[in-house]
Each structure stands twice: as C-alpha cells, then as structure tokens.
Amino acid sequence: MKKKYEVVIFDLDGTILDTLGDLCAAVNHALRKRNLPEHTMDEYRQMVGSGIRNLCRQALGGESEEVLDQSLADFKAYYVSHIDVYTRPYEGMVQLMADLRAAGVTVAVASNKFREGALTLCRKFFPEISESLVWGDVEGLPLKPRPDMIARVMQQFPQGTSCCMVGDSWTDIEAGKAYGCQASVGVSWGYRYTEALYKAGADAVADSMDDLRSLLLE
C-alpha cells in the first residue's frame with residue numbers, strides 16, 4: 042500500500058485508545074472523596090475531549106475553583122497509578138499503525154490529555170511512536186480546537202510536509218482545518234456523535250478500521 046500523507050496525526054482518547062473506563066474510575070474516585078454524586082460511563086462519554094480540567098469541572102457541576110483544583114489533583118494521582126487498568130487499543134489499531142509505518146508514514150499524537158499521561162500510554166501501547174511526536178496538555182500550549190499542538194508536531198518536519206489529522210471529536214477536526222492539514226478525518230467509534238464531526242468540516246468519517254485504512258493509504 043502507498044501513503045497518501047507523509048504524517049498522520051492521531052488524537053488519543055476515543056481514537057486510537059479506548060480510555061473511558063480508566064477516566065471514569067479516576068473522576069469518580071475524586072467525587073467519592075467529596076461525597077459528591079458519581080457519573081455513569083455514558084455521562085462521561087459526553088464530557089471527555091476538552092482536557093482533564095474541563096472533564097473534572099463538568100463532573101463536579103457548580104463547585105468552586107478551589108474544589109476543582111483539589112479534585113483535579115486527586116484525579117491525577119489516582120489516574121497516573123491506574124492509567125491502564127481498562128485502557129486498550131481499539132481492535133485493529135495496532136495493525137493499522139504497522140501498515141502506516143510499512144508504507145513510510147510517520148505517526149504522531151496530538152491529544153488534549155495531559156502530556157505525561159499521553160506519553161505513558163503511548164510508551165505502553167505504541168512504543169514505535171517517537172516521544173517527540175506525542176503532544177498533549179502542557180503549560181503554554183493551547184488545547185484543540187486551536188491548531189498549536191499540530192503545529193508543534195509539524196515544526197519537526199520540512200515546510201510543505203503533507204499531513205492528516207484523525208480524531209473522534211469536533212475539536213480534532215477544527216484543529217486540523219485551522220492548521221491547514223491536507224485532510225481532517227473523523228472516526229465514529231469514539232466518544233462523540235458523527236454528526237458533530239461532519240458539522241466541524243470533516244473530510245470523511247471512518248466507521249471501521251478498514252475504512253480508516255482506505256482513507257490513509259492507497
């Protein structure tokens with residue numbers, strides 16, 4: 042198979058890894074410590090995608106910023122030590138990554154997850170991805186839908202290098218569009234509704250790993 046793009050940048054949560062179970066457990070841990078109501082997996086599915094602080098803010102409801110800061114610290118402490126209890130690659134993703142490498146495609150990650158968490162998961166499940174190409178939430182780097190994270194990845198390549206952004210959220214699609222990626226592709230197996238991907242301007246939405254392969258390789 043031949044490559045269509047020189048670089049493919051993947052979102053992490055809901056795109057290459059199903060991380061929802063561990064995220065749910067960590068946020069509910071922080072809520073339990075404060076005797077606050079916990080949330081279901083389906084409820085969390087609609088909260089993820091805009092960074093950990095926003096996830097905790099939504100889960101807490103109307104609590105103060107002080108409570109949010111404390112809850113976020115408890116979340117991170119729990120999550121870092123339980124980060125891969127339930128998390129697994131989506132079926133077929135490991136093979137797709139191998140196919141991309143075989144075709145000469147460079148794979149990168151741009152995630153709204155805090156960067157250390159993204160690095161930890163990539164080290165375990167996708168160690169072939171260079172750590173310099175795994176980016177996430179760090180101080181001073183705006184989250185998607187801003188394109189800065191993609192720019193951080195692409196600054197490591199010559200100007201004019203072709204790239205494609207792949208993600209399950211409108212934030213991924215808008216970030217890819219804002220940066221000027223040759224294509225912004227959605228996946229329907231993640232945590233967001235397909236309609237939101239098209240509304241954000243997705244060039245295509247893959248419903249299966251075979252669909253995604255055909256969109257990235259020829």
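The opening position of the sequence shown corresponds to residue 42 in the numbering used here, with each subsequent residue numbered one higher.
Here a beta-carbon is modelled for each residue, glycine too, at the ideal position from N, C-alpha and C.
Pick from the options that is closest to residue i, judged by C-alpha positions
i: Pro199; options: Gln99, Thr147, Tyr127, Val135; result: Thr147
i: Lys240; options: Ala247, Ile214, Leu258, Gln223; result: Ile214
i: His123; options: Leu162, Thr56, Val89, Gly92; result: Leu162
i: Leu58; options: Gly221, Tyr232, Met42, Ala71; result: Tyr232
i: Asn153; options: Leu257, Thr56, Pro168; result: Thr56
i: Asp244; options: Trp230, Asn69, Lys218, Gln99; result: Lys218
i: Val48; options: Leu109, Asp110, Ala143; result: Ala143
i: Val68; options: Ile93, Asp54, Tyr46, Gln87; result: Ile93
i: Ala66; options: Leu96, Lys165, Ile50; result: Leu96
i: Ser229; options: Asp248, Pro168, Val108, Ala114; result: Asp248
i: Tyr46; options: Gln197, Ala224, Gly242; result: Ala224
i: Ala118; options: Pro168, Phe155, Gly227; result: Phe155
Separation of residue j from residue i, as counted between CA atoms
i: Gln136; j: Gly103; result: 43 Å
i: Met195; j: Leu141; result: 17 Å
i: Leu61; j: Arg193; result: 26 Å
i: Ser255; j: Leu77; result: 46 Å
i: Pro188; j: Arg75; result: 36 Å
i: Cys204; j: Leu238; result: 18 Å
i: Ser91; j: Ile170; result: 23 Å
i: Thr16; j: Leu258; result: Outside the modelled stretch of the chain, which goes from 42 to 259, sits residue 16, for which no answer is possible.
i: Asp125; j: Arg164; result: 11 Å
i: Val89; j: Asp54; result: 8 Å
i: Gln87; j: Leu101; result: 14 Å
i: Ala151; j: Thr202; result: 17 Å
i: Asp178; j: Met190; result: 9 Å
i: Gly158; j: Trp176; result: 10 Å
Coarse secondary structure for residue i, derived from DSSP in three states
i: Asp213; result: helix
i: Ser249; result: coil
i: Val226; result: strand
i: Arg110; result: One detail in the question is off: residue 110 reads as Asp in this sequence, not Arg. Helix at Asp110.
i: Leu58; result: strand
i: Gly158; result: helix
i: Met42; result: coil
i: Ser152; result: strand
i: Phe198; result: coil
i: Asp178; result: strand
i: Ile191; result: helix
i: Ile124; result: coil
i: Arg129; result: strand
i: Val89; result: coil
Cβ distance (whole Å) where residue i is taken to contact residue j below 8 Å
i: Lys44; j: Gly145; result: 6 Å
i: Tyr120; j: Asp63; result: 7 Å
i: Met261; j: Met250; result: The chain is shown only over 42 to 259; residue 261 falls outside these bounds and no answer can be derived.
i: Asp110; j: Ser210; result: Contact flag wrong, Cβ pair sits at about 25 Å.
i: Leu174; j: Gln197; result: 7 Å
Buried or exposed by the 16-neighbour rule on C-beta atoms within 10 Å, applied to residue i
i: Gly181; result: exposed
i: Met82; result: exposed
i: Ala139; result: exposed
i: Ala71; result: buried
i: Pro186; result: buried
i: Ser105; result: exposed
Residue i: CB within 8 Å of a non-hydrogen atom of the ligand NAP
i: Thr56; result: In terms of ligand content, the structure shown is empty, and the ligand NAP therefore cannot be addressed.
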